[in-house]
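Asker: Positions 9 to 190 (the numbering used here) are the ones given, in order, by the sequence shown. Built from N, CA and C at the ideal position, the CB exists for glycine as well. None of these values were measured; they are calculated from a predicted model.
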Amino acid sequence: MRMITKKPGAHAPDALRAAGKRLTRARRIILDVVRASEAHPSATAVYRDVRRRLPRVSLATVYRNLRMLAAEGLLTERADAAGMRFDGNTALHDHFTCVACERIYDVPALGARGVSARVASHTGFEVLSRRIEFYGRCGACRHAAGPTTPRRGRGEPSEGAPIPRRKPWQVQASRAARVSRI
Ligand SMILES: [Zn+2]
Ligand SMILES: [Zn+2]
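Okay, here's the thing in structure tokens:
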């Protein structure tokens, strides 16, 4: 995953020209759709919107151009368990995923430099980028669910209880556990 982004709001035609590419109509529309969204849309979601303005565009074209625009630093891409998502906000920021509605929110990267510097001094590694993820319940979902009730015990769910869906962070956690065992 690419996390190093160029200047926020980089001028798209200039950035692409420098890379020997053109800002075609399709690319401009794709960029507009992602930049106008705060939802960190998937390629399929972008495709649905782009198709309204370019009815003959294919999902493959949208996907290929999304990856290219990300490679040129005009978008940020993030690989999640749910797939690839695209972010029109290329400024340094962190993300908060709501475990109830699964929406991904931008949150300010507080103390970003301090965290990277501490990791670097602890490990001796050169930190080039970072990705910090927060999980919880967003304002709307907190409001809808009422006050948090502490969970008692960790027993099996009672019979007839719905099988909880695996959430992205659980998939990621189990994947990480698998990797760490190798
Ligand atoms: Zn929510
Ligand atoms: Zn974001």
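1. Going by beta carbon distance, what residues of the same chain come within less than 8 Å of Ala-78, once the five residues before and after it are set aside?
2. Could you check whether the Cβ of Arg-145 sits closer than 7 Å to any heavy atom belonging to ligand 1?
3. Are there 16 or more other CB atoms within 10 angstroms of the CB of Thr-131, so buried, or fewer, so exposed?
4. Could you compute how far the alpha carbon of Tyr-113 sits from the alpha carbon of Arg-60?
5. Alpha carbon to alpha carbon, what distance is there between Leu-31 and Arg-25?
6. Does the Cβ of Gly-96 have 16 or more other Cβ atoms within 10 Å, making it buried, or fewer, making it exposed?
7. Can you list, in chain order, the stretches of the alpha helix (DSSP H) that have 4 or more residues and sit fully within the region 18 to 76?
8. When DSSP builds the beta bridges, which residues end up paired with Cys-149?
9. Helix, strand or coil: which one does DSSP assign to Ala-90?
10. Can you pull the DSSP bridge partners for Thr-131?
11. Ala-125 and Glu-134: beta carbons closer than 8 Å?
12. What separation, rounded to the nearest whole angstrom, lies between the Cα atoms of Arg-35 and Gly-154?
13. Thinking just about the alpha-carbon of each residue, which of Thr-98, Gly-119 and Cys-109 is nearest to the one in Arg-145?
14. Assign His-103 to buried or exposed, taking buried as 16 or more other Cβ atoms, counted over all protein chains shown, within 10 Å of its Cβ.
Answerer: The short version:
1. One-based indexing of the sequence shown puts residue 78 at position 70. Same-chain partners within the cutoff: Arg-10, Thr-84, Glu-85 and Phe-94.
2. The residue given as residue 145 occupies position 137 in the sequence shown. Result yes, Cβ under 7 Å from ligand 1.
3. Numbered from its first residue, the sequence shown carries residue 131 at position 123. Residue environment: Thr-131 is assigned as exposed (fewer than 16 neighbouring CB atoms within 10 Å of its CB, all protein chains considered).
4. As a first step, residue 113 is located in the sequence shown; it is residue number 105 there, counting from the start. As a first step, residue 60 is located in the sequence shown; it is residue number 52 there, counting from the start. Cα to Cα, the separation comes out at about 25 Å.
5. In the sequence shown, the residue the question calls residue 25 occupies position 17. In the sequence shown, the residue the question calls residue 31 occupies position 23. It is roughly 8 Å from the alpha-carbon of Arg-25 to the alpha-carbon of Leu-31.
6. Residue numbering aside, residue 96 sits at position 88 when the sequence shown is read from its first letter. With 16 or more other Cβ atoms within 10 Å, it is buried.
7. Correct list: 20 to 26, 33 to 44 and 51 to 61.
8. Within the sequence shown, numbered from 1, the residue matching residue 149 stands at position 141. Among the bridge pairs identified by DSSP, Cys-149 is matched with none.
9. The count along the sequence shown starts at 1 and reaches residue 90 at position 82. Ala-90: coil per DSSP, three-state reduction.
10. As a first step, residue 131 is located in the sequence shown; it is residue number 123 there, counting from the start. For Thr-131, which the question treats as bridged, DSSP gives no partner whatsoever.
11. Position 117 of the sequence shown holds residue 125. Position 126 of the sequence shown holds residue 134. Contact: no.
12. If you number the sequence shown from 1, residue 35 lands on position 27. If you number the sequence shown from 1, residue 154 lands on position 146. Distance between the alpha carbons of Arg-35 and Gly-154: 43 Å.
13. Counting from one through the sequence shown, the residue named residue 145 turns up at place 137. If we check each option's Cα against that of Arg-145, Cys-109 comes out closest.
14. Along the sequence shown, read from residue 1 onward, the residue named residue 103 stands at position 95. Under this definition His-103 is a buried residue.
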